[in-house]
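Inspection log for the structure reproduced underneath, given as structure tokens.
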Amino acid sequence: MSASRLQRWLLLAFPPSFRARYGEELETLTSDCGRGWRTNADLAQAAAKAWLRPSFIGPPEETRRRRLESTTATVFVTWSLSCLAVAVFAKAVNDQPVPGLRSWGWTAYVIGSGLFELTVGGARLRDPGAGHRRDRYPEHPSGGDPGRFPGPGFGGLNNLFRSLLLAATLFGDEPAALCGDGTDAVAEHGLSALS
Amino acid sequence: MPRRTADPKWSDPGLLVMGSLAEGARHGYAVIQDVEATTGVRLGPGTLYGVLARLEERGLIEALEAADSRRRPYRLTARGREVLDEQLESMRLFAAVGQRRLGQLTDTRWAGA
Chain V
1 MSASRLQRWL
11 LLAFPPSFRA
21 RYGEELETLT
31 SDCGRGWRTN
41 ADLAQAAAKA
51 WLRPSFIGPP
61 EETRRRRLES
71 TTATVFVTWS
81 LSCLAVAVFA
91 KAVNDQPVPG
101 LRSWGWTAYV
111 IGSGLFELTV
121 GGARLRDPGA
131 GHRRDRYPEH
141 PSGGDPGRFP
151 GPGFGGLNNL
161 FRSLLLAATL
171 FGDEPAALCG
181 DGTDAVAEHG
191 LSALS
Chain Z
1001 MPRRTADPKW
1011 SDPGLLVMGS
1021 LAEGARHGYA
1031 VIQDVEATTG
1041 VRLGPGTLYG
1051 VLARLEERGL
1061 IEALEAADSR
1071 RRPYRLTARG
1081 REVLDEQLES
1091 MRLFAAVGQR
1101 RLGQLTDTRW
1111 AGA
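If you read the protein sequences in the order shown, they are chains V and Z. As numbered in the numbering used here, residues 1 to 195 make up the first sequence, in order. As numbered in the numbering used here, residues 1001 to 1113 make up the second sequence, in order.
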């Protein structure tokens, strides 16, 4: 998308009442200020604010009509977006990216958690002396004695173990799928073997 | 009448715009340039018109008729002048108290040393 077209879309993103009053002026000022990501970001932010906190100028009847119009439009847009979000969420949670693997949502969660655990575990293993308790509470009666409390080095191994466990969870077959296979196997072979 | 909390605060871009309009009527681009020259703050076009809409809704500024409707100038209303004056006065008092306290602190430190 070209910069001028993006800017036109951003100007169209303002509420109709705002555009009716300030649209021409804002368009002229935007072209005076020049194109750039900073101007575009500013326009996007201002458009969002104008929807969330609209301003109405004019006689009370006109203001009331515009406020009602704006409220109806906001409710409609929010409702449409929430319907879309529910569909996307359902797809992310239920669809399997590869047969045998879990859904995209689950996969993203496990990979994210695994990476987090690996990073934390790696950092703590590399610098096992950096126990936050010892740094933050030097006056603690234990004096940071690793014999009294689990030391930070152990925490690092713990993190690594948890990341491996998460990886095993991700790449393991789903219990439901196993059950399904088992049932099918019984249906196909078990009954004939019994008879 | 707008609530007191609805008036622009000293850190608000609204106050910067009102400060610029205190000198006389200006259109959007002139306001941006003036605010940048006096305070170093660069207001974006969307931010500026969001602020102008808010101030106009509260009756603190008004648009003037112009031959070119795409570059309409704005000016402070009487209520806008009042609000700006109040804000600047409270800022002046705050600055005076702050500077006095800083002066006392510096004196105490020198006396201690």
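For each residue, glycine too, the CB sits at the ideal point set by N, CA and C. The structure displayed is predicted, hence computed values, not measured ones.
Between Ala1030 of chain Z and Ser80 of chain V, the alpha-carbon positions lie close to 40 Å from each other.
Considering only V:Phe116, V:Phe18, V:Arg5, V:Leu6, the residue with the shortest C-alpha distance to Ala50 of chain V is V:Phe18. Of the candidates V:Leu115, V:Phe116, V:Ser113, V:Lys91, the residue whose Cα lies closest to the Cα of Trp104 of chain V is V:Lys91. A residue is called buried once 16 or more other Cβ atoms fall within 10 Å of its Cβ, and Leu52 of chain V, having fewer, is exposed.
The continuous alpha helix (DSSP H) containing Leu81 of chain V extends over residues 60–94.
If you look at Leu1015 of chain Z, you'll find it in the alpha helix (DSSP H) that goes 1013–1021. Straight through space, the alpha carbons of Leu1060 of chain Z and Val1083 of chain Z are spaced by roughly 8 Å. Non-local beta-carbon contacts of Pro54 of chain V in its own chain, meaning distances under 6 Å to residues more than five positions away in sequence, involve Pro15, Ser70 in chain order.
In this structure, Leu1064 of chain Z lies away from Val1041 of chain Z, with their beta-carbon atoms at least 8 Å apart.
When secondary structure is reduced to three states using DSSP, Ala1066 of chain Z falls in the coil class, being assigned neither helix nor strand.
By the neighbour-count criterion, in which a residue is buried when 16 or more other Cβ atoms sit within 10 angstroms of its Cβ, Gln1087 of chain Z is buried. Per the coordinates, the alpha-carbon of Phe76 of chain V lies some 15 Å from the alpha-carbon of Arg66 of chain V. Beta-carbon to beta-carbon, Tyr1049 of chain Z and Glu25 of chain V are separated by about 7 Å, close enough to satisfy the 8 Å threshold. Leu68 of chain V has a beta carbon lying at 8 Å or more from every beta carbon in chain Z. In this structure Ile1032 of chain Z is buried. Its beta-carbon is surrounded by 16 or more other beta-carbon atoms within 10 angstroms.
Under a criterion of Cβ atoms nearer than 8 Å, no residue of chain V is adjacent to Ser1020 of chain Z; the nearest Cβ is some 14 Å distant.
The continuous stretches of alpha helix (DSSP H) do not include Arg1075 of chain Z, which lies in the beta strand (DSSP E) extending over residues 1074–1076. Assigned with DSSP and collapsed to three states, Arg1026 of chain Z falls in strand.
Residues of the region 64–90 of chain V with a Cβ closer than 9 Å to any Cβ of chain Z: none.
At least one C-beta of chain Z is nearer than 8 Å to the C-beta of Leu29 of chain V.
DSSP links Ile1061 of chain Z through a beta bridge to Z:Leu1076.
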